[in-house]
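Remember, the numbering used here sits 10 above the position in the sequence shown when you count from 1. Remarks on the structure that follows.
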Amino acid sequence: MSFGRRSASAKRALLAGVALVVLAGGAYDAQAQEAARVAAPSPDGLAEGELYMEADLVIRDDKNKVTTARGNVEVRYQGRTLRANELIYDEAKGVMRAKGDTTIINADGSVQFADELVLDDQMKAGVATGFSSRLPQNIKMAAASAIHRNDRVNELNRAIYTPCDICAPDGAPKAPTWSIKADHVVQDRDRQLVYYRNAVIQIMGVPLIYLPVFWHPDPQAERKSGLLPPEVSVSERRGLSYEQPYLFVLSPSSDLTLSPQVNTKVAPFLNGEFRKRFYSGALNARFGYTYDKDIAAAAGQTVNDRTSRSYILSAGAFALNEDWL
C-alpha cells in the first residue's frame with residue numbers, strides 16, 4: 011500500500027522519521043544540508059514538500075488517533091529514505107516510533123541504523139537504541155543509544171568511533187587501526203566542541219590511552235584549536251608509532267600543530283608544523299626534536315651516543331609583483 015500526499019499532522023510524523031541524521035553525532039551542518047536540498051531537485055522525483063510512503067499494511071485507529079504501518083515500511087522525503095519493519099505514529103501524544111532494522115539513507119550518502127527510533131512530531135527531541143552510522147570519508151560510529159535533546163546538543167552513550175576499515179579485503183571483520191571508545195559523548199554545537207567521558211584510545215583493538223575527560227573541535231567547526239585524528243604507523247626502524255597532533259589556531263591566517271610521537275623501538279619524537287598565509291603567498295615550516303641515538307640504532311645497531319637531535323624544513327610560495335621581475 012502506498013501514499014503520495016498526506017495531512018499536515020501525518021506528514022510531520024513521517025518527516026520525524028527521516029530526521030535521524032540529527033542523531034549522527036553532528037558530523038555535518040544540518041542547516042547547510044537543508045539549503046543544498048532546497049536548491050537542488052529531489053533525486054526521488056518528489057516535488058518540494060511532498061512525501062511518499064509505502065508498506066505491506068497500514069492500519070488507522072481513528073478513535074485513539076494511532077496510525078500503524080507494518081512490513082517493508084519505506085518513507086521518502088527530499089532525498090532521504092527511512093526503512094523499518096514497523097512505524098507507529100501516536101497523533102495524540104505527538105510521538106513516532108520506528109522498530110526493527112531501522113535505516114536512514116541521507117542525500118549525502120551517509121547511512122544511520124537503529125534497532126528502534128522514537129521522535130516527537132516536531133523533530134525537536136529523539137532517542138535511538140542500537141545506533142550506528144556510516145558517514146563520508148569512511149567514518150563509522152556506533153552507540154548503545156543516541157539522544158537528540160535539541161538543535162544544539164546531541165549525546166551518545168557507550169559509543170565507539172573510527173575512520174578506519176573494520177573489514178578485511180575478504181569481508182571478515184577486523185579490529186580498526188585506531189578507535190575511540192567512551193562511556194558518554196556530548197556534541198555541543200554552540201561551543202563547537204565534542205566532549206568525551208571515560209574515553210579509551212585503542213590501537214588494533216588494544217587499549218592504549220585512558221582519558222577520564224577530553225574534548226576536541228566539532229567536525230562541523232571550520233577551524234578551531236584542539237585534538238586532530240591520531241596517526242598510527244609501523245616501520246622496521248621505529249616499530250609501532252602513535253602520533254597525536256594538536257592544532258593551535260594562532261590567527262585567521264596562521265596555525266601551529268604539535269604532534270608528540272611514541273614509538274616502540276626508538277625514543278619519543280616531538281614533531282611540529284607552522285603555517286602562515288600572507289596577502290601574496292604562504293609559508294610552511296616543519297620541525298622535530300628527539301633525544302636518542304642515531305635512528306639507525308633501531309635496527310639493532312649501536313650508533314653514537316644519546317644526544318639531542320632535531321630538524322627544520324621550510325617552504326614558501328609568493329606571488330611577486332612585476333617590479334621584482
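Glycine included, every Cβ here is placed at the ideal spot set by N, Cα and C.
In the DSSP secondary-structure assignment, V121 is bridged to I115 and R144. Apart from the 5 residues on each side of it in sequence, R287 sits with its Cβ closer than 6 Å to the Cβ of S263 in its chain, given in chain order. Boundaries for N160: no beta strand (DSSP E) harbours it, and the DSSP string shows neither H nor E there.
Apart from sequence neighbours up to five positions away, the residues of its chain that approach P240 with a beta-carbon distance below 8 Å are W188, I211, Y252, E253, Q254 and P255, ordered along the chain. If you check the CB distance, R70 and T77 come in under 7 Å. Annotation: the continuous beta strand (DSSP E) that includes I69 extends over L67 to D71. In the assembly as shown, V259 is an exposed residue. Its beta-carbon has fewer than 16 other beta-carbons within 10 Å. The DSSP-derived three-state label of M214 is coil.
Scanning its chain for C-beta atoms nearer than 6 Å, with the 5 sequence neighbours on each side dropped, one finds around N82 the residues D66, in chain order. Apart from sequence neighbours up to five positions away, the residues of its chain that approach K184 with a beta-carbon distance below 8 Å are D175, I176, C177 and A178, ordered along the chain. Membership of N331 in any beta strand (DSSP E) is not indicated, and neither H nor E is assigned to it by DSSP.
When rounded, the separation of the alpha-carbon atoms in G136 and I157 is 6 Å.
In terms of Cα proximity to L221, the closest of E232, L237, Y99 and A327 is L237. In the same chain as A154, and ignoring 5 residues on each side of it, the C-beta atoms closer than 6 Å to its own belong to N167 and R168, in chain order. Residue state for N74 is assigned as coil, using DSSP reduced to three classes.
By the Cβ neighbour-count rule, Q88 is buried, with 16 or more other Cβ atoms within 10 Å of its own.
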